[in-house]
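Protein chains in written order, with this note's numbering: chain A, 1 to 284; chain B, 285 to 384.
No residue lacks a Cβ here, since even glycine has one placed at the ideal position from N, Cα and C.
Step one of this worksheet: look at the structure below.
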């Protein structure tokens, strides 16, 4: 099954991101001297990336990959005798613990979808109240890895003729399969009008204008749903169809001349199939 | 004693080593050597670049052995043509025959 690489605009190929994520959280515990543990949790799926239009981690564009990140926080604990701890757990079960308490933690998420941040304040504190302010933030670097979209052009590399059905099929995985509903097909020899166009099936007939067009590249232009701009899906050789005529011997003529099938009076010269001569046999 | 054939050979295996021809035309002249029924073929003969007028009779090397050998000449592209007025095939016997 062939695939092609989408070219991402260079400006998005690599960069950094930062922004408030999760906002300011404040909570307080009233009481006297006691042991306690207080948790605060925030799912990373709500966090926004600045600079690329508030893209949340769980709806990242194809190919977006975080290669390094820092989850940091700025907390204030109004109490004595209490300690603060953060724990970050990603969907793969990786756990990062902050043991210093108050500053931040460098962490390279392997999968930001579903990161779970837990903050615990614990200890034996003295006073009327413990108040904690936490401003969670994630920053780091990202890359856009050009994604591949699989599809199958059944006639790729083959000889076709006017009236033949060209079929493109694809799967249903939006991350790896080409969505055929969001394509516009074109090639140099004429306009392509799809007969069937669904996310997984696209068919069209080779138009009359392509008769004997030779080697044609089939180009798909994306509408931005998965990609933008043109990509080449494959090539086909469009042969002459239904050529006809009255055979006439012409002195010195070195090719055959056919009338085209469009019945418009135009003709085309094609080669005489390998004019061959053979000698007699020599030897015993 | 067996009677010789008119060609001077009598079932021997002959080796085709050289072909020389007087040929004019346009394009590339493709040549092959075949045995009877084209059961054995050789396509190692080099192509000849044809000219409409030339003072040379091109000589091409071959390496083909069989009892009887036929030379095939053709062109393969549109608008190519050739005109051949003489073909000389240089052969010599290399064996008395195939094993019985």
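Check: Chain A contact residues for residue 353 of chain B, given Cβ-Cβ distances below 7 Å; Outcome: 281, 282 and 283
Check: Interface flag, residue 359 of chain B vs chain A, CB-CB below 8 Å; Outcome: yes
Check: Candidates B:326, B:373, B:349 and B:364: closest to residue 306 of chain B by CA position; Outcome: B:373
Check: Contacts of residue 295 of chain B in chain A (Cβ-Cβ under 8 Å); Outcome: 284
Check: C-alpha distance - residue 280 of chain A paired with residue 274 of chain A, whole-angstrom precision; Outcome: 19 Å
Check: Delimiting residues of the beta strand (DSSP E) encompassing residue 238 of chain A; Outcome: 228-239
Check: Min CB distance residue 362 of chain B to chain A below 8 Å; Outcome: yes
Check: Validate contact between the region 174-184 of chain A and the region 208-222 of chain A using beta carbons, cut 8 Å, 3 pairs; Outcome: yes
Check: Cβ-Cβ distance between residue 354 of chain B and residue 299 of chain B below 8 Å; Outcome: no
Check: Pick from B:304, B:352, B:308 and B:303 that is closest to residue 367 of chain B, judged by C-alpha positions; Outcome: B:308
Check: C-beta contact flag for residue 315 of chain B and residue 303 of chain B at 8 Å; Outcome: yes
Check: Terminal residues of the beta strand (DSSP E) in which residue 356 of chain B lies; Outcome: 352-358
Check: Partners in chain B for residue 277 of chain A, counting only beta-carbon separations shorter than 8 Å; Outcome: 356, 357, 358 and 368
Check: Candidates A:158, A:284 and A:283, of which the one nearest residue 218 of chain A by Cα; Outcome: A:158
Check: Proximity test, Cβ basis, 8 Å: residue 371 of chain B and chain A; Outcome: yes
Check: Residue 302 of chain B at chain A interface by Cβ criterion, 8 Å; Outcome: no
Check: Residue 11 of chain A at chain B interface by Cβ criterion, 8 Å; Outcome: Bear in mind that the predicted position of residue 11 of chain A carries a pLDDT of just 28, short of 50, making it unreliable; the figure below should be weighed with that in mind. False, the Cβ-Cβ gap to chain B never drops below 8 Å.
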